[in-house]
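Participant:
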Amino acid sequence: MHETAVAQGLIEAILQEADKQGGRPVRAKMSCGRLNAVNDEVLRFAFEAIAEGTPCEGMALEIEHKPLQAKCRACESAFAIDLSDARCPRCAGDDFELLPDAPLVLDEIEFEKE
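Here it is, written out as structure tokens:
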């Protein structure tokens, strides 16, 4: 299960940073692209299960899905694409290339100092 591996990696990174910061993690924010096959519900469940008994237990996990980006071949404008209306918002062109999806990133960790 992809989400279990993601949750494990997040917890390991958070615990490493907690050791450096000297505090208890209370909130983390991660982001990923829309095409990443991350199911928020399954990821939160895996995160909570793996976090049990660690300093990460009970912390909040925020997940942001970044929009898919495209680049218009006519005007070279980069834009967040809506696949239900796949046109460039600048020139209304429909000839575009999809840009690489945003990677899975741990953006922020909030700590409570002990």
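Residues in the sequence shown are numbered consecutively from 1124, following the numbering used here. In this text, a Cβ means the ideal position worked out from N, Cα and C, and glycines have one as well.
According to DSSP, is G1132 helix, strand or coil?
Facilitator: Helix at G1132.
Participant: In three-state terms, what does DSSP make of V1165?
Facilitator: V1165 falls in the helix class under three-state DSSP.
Participant: Judging by CA-CA distance, which residue of A1151, C1155, G1146 and E1235 is the nearest neighbour of P1190?
Facilitator: P1190 has its Cα closest to that of C1155, out of A1151, C1155, G1146 and E1235.
Participant: Reducing DSSP to helix, strand and coil, say where L1138 ends up.
Facilitator: Helix.
Participant: Determine the extent of the beta strand (DSSP E) in which D1230 is found, giving its start and end residues.
Facilitator: Its beta strand (DSSP E) spans residues V1228 to K1236.
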